[in-house]
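All the letters of the sequence shown, read from the start, carry residue numbers -19 to -1, 1 to 176 under mature numbering (1 follows the signal peptide of the UniProt record, and there is no 0).
Since the structure comes first, as structure tokens, the remarks are kept for the end.
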Amino acid sequence: MRLSSPIVVLVIALAVSEASLMGFEEGVWDSPPYFDDATVREVTAAAGYPAMLRCRVRNIGDRAVSWIRRRDLHILAIGIMTYTNDPRFQAEHSEGSDDWTLNIRTARPADSGVYECQISIDPKISLGIHLNVVASRARILGGREVFVRRGSDVNLTCVVEAAPAPIELHWARNGRPLDFSRRGGVSVLSERRVR
């Protein structure tokens, strides 16, 4: 009786080892996909400019990401195929990358809301990304006209409200861009304050 026990144990260990190898080769034992913790869940974009929603998925294998607009449960894209009549929406993914992107050209305040990055496995997993599209406003403090003596300094203050960082500001006079070189005589001081 003692001689047969070690043989049985050896046969069982060999069978488990072969099953493990077969499962590994077929991808059965792969870890399931998951969302990277570094995925940005709050995105702010300026109205009229592009908005990019990025979803980083690890261990996705041969699966694809779907983008769903949560307010109306509209499927916007599966993989890189876009399923909306709105040409402003486009899905992007580079082969071998963990990043899946939903681009919205010329974002509008009405585009604000939650978009789901979803992986179709059983059970499905999804990650909500909140998009906030703001209408930025710029105004110059003071009156519309400023009168100064020739050769005097002029200080103009432009206040930009509800603009996502980074702010790109261009100064012009009579529709022509100002010359910011030393010879142009113009200097700019930028200051960011959060209210």
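Glycine residues also receive a C-beta, built at the ideal position from the N, C-alpha and C atoms.
Go ahead and label residue i buried or exposed: buried means 16 or more other beta carbons lie within 10 angstroms of its beta carbon, across all protein chains shown.
i	result
Trp152	exposed
Thr82	buried
Asp67	exposed
Glu23	exposed
Ile121	exposed
Cys98	buried
Leu2	Reliability of the predicted coordinates at Leu2 is poor, the pLDDT of 41 falling under 50, and no value is obtained from them.
Are the beta-carbon atoms belonging to residue i and residue j less than 8 Å from one another?
i	j	result
Pro14	Gly60	no
Met33	Asn113	no
Ala72	Tyr30	no
Arg39	Asp17	yes
Leu108	Thr20	yes
Val141	Val135	no
Ser93	Arg44	no
Pro90	Ala116	yes
Arg131	Asp80	no
Val129	His111	no
Starting from residue i, trace the beta strand (DSSP E) both ways and give me its first and last residue.
i	result
Phe128	It is not in any beta strand (DSSP E) - Phe128 carries neither H nor E in the DSSP assignment.
Gly109	106 to 115
Leu47	Before going further, note that residue 47 is Ser rather than Leu in the sequence given. Element bounds for Ser47: 46 to 50.
Val140	139 to 142
His55	55 to 59
Ala26	23 to 27
Give the straight-line distance between the Cα atoms of residue i and residue j, rounded to the nearest whole angstrom.
i	j	result
Ala58	Ser47	5 Å
Arg125	Ala28	25 Å
Asp160	Leu137	15 Å
Ser162	Glu149	18 Å
His55	Gly77	27 Å
Tyr64	Arg51	15 Å
Ser171	Arg37	34 Å
Ser12	Ile106	14 Å
Gly156	Ser133	22 Å
Arg69	Ser75	20 Å
When DSSP builds the beta bridges, which residues end up paired with residue i?
i	result
Leu34	Leu83
Arg69	DSSP, once it has assigned bridges, lists no residue as partnering Arg69.
Pro158	Ala153
Glu97	Ile49, Gly109
Arg118	Glu142
Leu63	The displayed chain sequence assigns Thr, not Leu, to residue 63. Thr63 pairs with Ala58.
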